[in-house]
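Residues in the sequence shown are numbered from 384 upward in steps of one, following this note's numbering.
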Amino acid sequence: MVWYACYGSNMDFDRFLKYIKGGQLIVNGATKVYKACPTDTLPPRQSESYSINRRFFFAKESTTWNKQGVAFISNKKNKKSKTFGKLYLISKDQFSHLFAQENQRNVVEIDYAMLLRNDFLDFDYNFYNRIVILNKNYKGYPILTFTNKSTLPTNKPHFKYAQLIIYGLKQTHNLTSKEAISYLSKRGTGAKKIDLKES
Numbered sequence: 384m385v386w387y388a389c390y391g392s393n394m395d396f397d398r399f400l401k402y403i404k405g406g407q408l409i410v411n412g413a414t415k416v417y418k419a420c421p422t423d424t425l426p427p428r429q430s431e432s433y434s435i436n437r438r439f440f441f442a443k444e445s446t447t448w449n450k451q452g453v454a455f456i457s458n459k460k461n462k463k464s465k466t467f468g469k470l471y472l473i474s475k476d477q478f479s480h481l482f483a484q485e486n487q488r489n490v491v492e493i494d495y496a497m498l499l500r501n502d503f504l505d506f507d508y509n510f511y512n513r514i515v516i517l518n519k520n521y522k523g524y525p526i527l528t529f530t531n532k533s534t535l536p537t538n539k540p541h542f543k544y545a546q547l548i549i550y551g552l553k554q555t556h557n558l559t560s561k562e563a564i565s566y567l568s569k570r571g572t573g574a575k576k577i578d579l580k581e582s
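Put into structure tokens, the structure is as follows:
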């Protein structure tokens, strides 16, 4: 078992379950099909709110979101940074399946022994190509997340993608809409704020 730490749209429990159980969602006006984990479709054994001491930002150009940015965290720890996240206690098979789907792969083999030795594991993928250990033993299990291994230029998110994260922040951390919008508005390019108004 491992804890999966998410910090973006997967904080929404119902959305996250699609990665485990399979199903369909309307994403930015299009139907997206999710494959069920072939070996384990049980829901997370536990879940809880969590804070990550790494910088949160939006980057890359997602074709799903009109070439606008999606969520990442920095590779360096920063005690001054507080990224709101959520933990799901899931099996290793489920985490491997989730990581594969996030990278548009059918299967990904993860060397968990090497990951535990090095605290990270890199892949030759475009978006989420680094698995990171945030904590080796939290309530008996390691906390894993994924991000990009490179230093990326920021790119503001699509309005509807930001709304998914706002929903997850309200659900997980009991933020008001105003608090959630304020949190995301500070994650723009440089000193610029993210415009959450639909354009």
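The C-beta atom is built at its ideal place from N, Cα and C for all residues, glycine as well.
No experiment lies behind these values; they were computed from the predicted model shown.
Roughly how far, in whole angstroms, is the beta-carbon of residue i from the beta-carbon of residue j, given that I think they are within contact range, below 8 Å?
i: M384; j: S479; result: That pair is no contact at about 13 Å.
i: I403; j: C420; result: 5 Å
i: I548; j: A454; result: 7 Å
i: Q429; j: V416; result: With 8 Å as the limit, Q429 and V416 do not qualify as a contact, their Cβ atoms being about 28 Å apart.
i: Q554; j: D395; result: 6 Å
i: N538; j: A442; result: 5 Å
i: F467; j: I456; result: Contact flag wrong, Cβ pair sits at about 11 Å.
i: I514; j: F529; result: 5 Å
i: Q484; j: K418; result: 7 Å
i: Y471; j: F399; result: 7 Å
i: V389; j: K469; result: For the sequence presented, residue 389 should be read as Cys rather than Val. At roughly 5 Å, the Cβ-Cβ gap stays under 8 Å, so C389 and K469 are in contact.
i: I493; j: L504; result: 7 Å
i: R437; j: K463; result: The pair is not a contact, with the Cβ atoms about 10 Å apart (cut-off 8 Å).
i: N660; j: K543; result: Here the chain covers residues 384 to 582 and nothing more, so residue 660 does not appear.
i: T567; j: L558; result: Reading off the sequence, residue 567 comes out as Leu, not Thr. That belief does not hold up - the Cβ atoms of L567 and L558 are roughly 10 Å apart, past 8 Å.
How is residue i classed by DSSP in three states: helix, strand or coil?
i: G406; result: strand
i: G551; result: helix
i: R506; result: Looking at the sequence provided, one finds Phe at residue 506 rather than Arg. Here F506 sits in coil by DSSP.
i: D397; result: helix
i: S533; result: coil
i: I562; result: Just to set this straight, residue 562 is Glu in the shown sequence, not Ile. Helix at E562.
i: Q451; result: strand
i: K459; result: strand
i: N538; result: coil
i: G469; result: The question names Gly, but residue 469 in the sequence shown is Lys. If DSSP states are grouped into helix, strand and coil, K469 belongs with the strands.
i: Q477; result: helix
i: A388; result: strand
i: Q487; result: coil
i: T572; result: Confidence at T572 is low in this model, with a pLDDT of 42, below 50, so the placement of that residue should be treated as unreliable; the coordinate-derived value is given next. Looking at T572 - three-state DSSP - the assignment turns out to be coil, as it is neither helix nor strand.
i: L425; result: coil
i: S582; result: Note that S582 scores 41 on pLDDT, short of 50, meaning its location in the model is unreliable; the coordinates nonetheless yield the value given after this. Three-state DSSP puts S582 in coil, outside helix and strand.
Where do the N-terminal and C-terminal ends of the beta strand (DSSP E) with residue i fall, by residue?
i: Y417; result: 413-417
i: R437; result: 437-445
i: N518; result: 513-521
Return the first residue and the last residue of the alpha helix (DSSP H) that residue i is part of.
i: N501; result: 495-501
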